[in-house]
Amino acid sequence: MEEKKISKWQRFRERMRHTYRLVVMTMDSFEEVASYKISLMNVYLLVSSVVVIVGLLVVAAIAFTPLKKYVPGYGDASKDEVVQEAYKRITDLEKSLEAHQAYEDNIKRILVGDVQTEDEVPQGHETHIDSIVEVLPSEKEQQLKQELKLEEVADAAQESKTVSFMPRDVPLEQLYFIAPVNGEVSSGYMPDQEHFGVDILAPKNTAVKAAADGYVFLSDWTLETGNTIGIQHSNNTITFYKHNSVNLKKAGSYVKAGEAVAIIGNTGTLSSGPHLHFELWHKGKPVDATEYIRF
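Each residue of the sequence shown is one higher than the last, beginning at 31 in my numbering.
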């Protein structure tokens with residue numbers, strides 16, 4: 031059996047090396063034009079060389095010419111980077127949009143009184159906040175605090191004005207507030223009725239003053255509260271001035287204590303007459319302003 035295998039291999043080698051004569055003749059006279067000596071081995075080597083060369087040329091054409099764009103699955107590295115960068119920007123925009131929406135929803139909830147009062151918060155639960163975005167702590171607002179600062183306040187903070195904010199742990203009783211207006215308190219602080227501020231009566235066209243130094247983070251109009259001003263102060267304190275006839279300050283403005291920020295009015299569906307609705311918030315919860323301010 032082994033001799034038979036060897037003899038077949040020898041016959042194959044002899045066949046591959048056996049030379050043939052290839053003659054080229056004219057069709058009419060059968061005149062010999064050229065003749066070549068060839069073997070199956072030569073033909074095999076020639077065909078293999080042609081296939082390898084053609085393959086290399088095709089690979090080079092795909093790798094180093096624009097033809098690679100038409101090959102499925104062959105990505106353009108530079109184009110991939112552009113796509114990844116665009117995806118990253120879109121993701122950042124989506125996060126920024128969600129943060130803005132969370133901030134707007136938070137402000138709306140404050141303005142309509144849909145908030146958690148100090149009495150409703152479990153004892154020992156205290157949230158340290160540093161900006162309005164954490165008035166009602168939630169997962170979105172935590173993300174908002176980390177990824178987005180209020181643009182108007184940031185712009186104002188870049189100005190040359192300096193603010194002497196007090197330490198954050200100062201008790202509210204030790205802070206000094208100026209009465210936004212002087213007059214009769216017609217309606218007091220009633221959180222059980224979702225009335226988180228005090229209503230003060232004052233003459234028409236009375237100037238509404240800032241209760242303390244701070245930045246105006248809200249200067250807008252709503253259906254229920256009309257023209258509204260919101261000011262962020264030091265020590266995690268916020269004040270709201272609602273139902274104004276006109277707002278005198280824009281969002282991002284820095285105001286001093288006693289500086290006019292609005293004119294008393296009767297705007298908004300929740301107002302039944304000219305007055306100022308004033309709210310004082312501390313560490314994310316509304317408090318009774320009459321305990322800290324003499325109107």
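The beta carbon of each residue, even a glycine, is placed where N, CA and C say it ideally should be.
Judged by pairs of C-beta atoms under 8 Å, the segment 253-268 does not touch the segment 212-221, as fewer than three such pairs exist. When C-alpha distances from Val291 are compared across Lys272, Thr56, Tyr322, the shortest belongs to Lys272.
The three-state secondary structure of Met71, taken from DSSP, is helix.
By the beta-carbon neighbour count (other beta carbons within 10 angstroms, threshold 16), Ala319 is buried. For Val101, the three-state secondary structure derived from DSSP is coil. Taking C-beta separations shorter than 8 Å and ignoring five residues to either side along the sequence, the partners of Leu253 in its chain run Gly298, Thr299, following chain order. For Ile120, the three-state secondary structure derived from DSSP is helix. Residue ranges of uninterrupted beta strand (DSSP E) with 3 or more members, entirely inside the segment 230-315 and ordered along the chain, are 237-239, 244-252, 256-263, 267-274, 290-293, 306-312.
Ile323 and Ala232 do not touch by the CB rule: their CB atoms are close to 14 Å apart, not below 8 Å. Contact between Val63 and Met71 is absent: CB atoms are separated by about 25 Å, not below the 8 Å threshold. For Lys286, the closest of Leu278, Asp243, Asn296, His305 by C-alpha to C-alpha distance is Asp243. Beta-bridge pairing by DSSP links Arg51 to Lys67. In the DSSP assignment, Glu214 falls within the beta strand (DSSP E) that extends over 214-217.
Beta-bridge pairing by DSSP links Val317 to Leu310.
In this model, Phe94 and Gln114 are separated by some 23 Å (Cα to Cα). Each of Ile230, His312, Phe325 was checked against the Cα of Gly303, and the nearest Cα belongs to Ile230.
Looking at the DSSP output, Glu62 shares a beta bridge with Met55. Ranked by Cα distance from Gln204, the first of Arg45, Gly227, Asn265, Leu123 is Asn265.
For Ile208, the closest alpha carbon among the candidates Gly288, Val238, Gln131 is that of Gly288. Distance between Asn277 and Arg119, taken at the CA atoms: about 36 Å.
Around the CB of Val238, 16 or more other CB atoms lie within 10 Å, so the residue is classed as buried. In the DSSP assignment, Met220 forms a beta bridge with His225. Per the coordinates, the alpha-carbon of Glu124 lies some 10 Å from the alpha-carbon of His130. For the 8 Å CB-CB criterion, Ser79 and Arg47 do not form a contact. Approximately 17 Å separates the beta-carbon atoms of Leu306 and Val317; this is outside 8 Å, ruling out the contact.
Note that the C-beta distance between Tyr245 and Gly213 is not below 8 Å. DSSP places Phe207 in the coil class of the three-state scheme, outside both helix and strand.
Of the candidates Ala240, Lys38, Val73, Val73 places its Cα closest to the Cα of Leu52. Of all alpha-carbon atoms in Val215, Ala240, Trp39, Lys234, the one lying nearest the alpha-carbon of Val228 is that of Val215.
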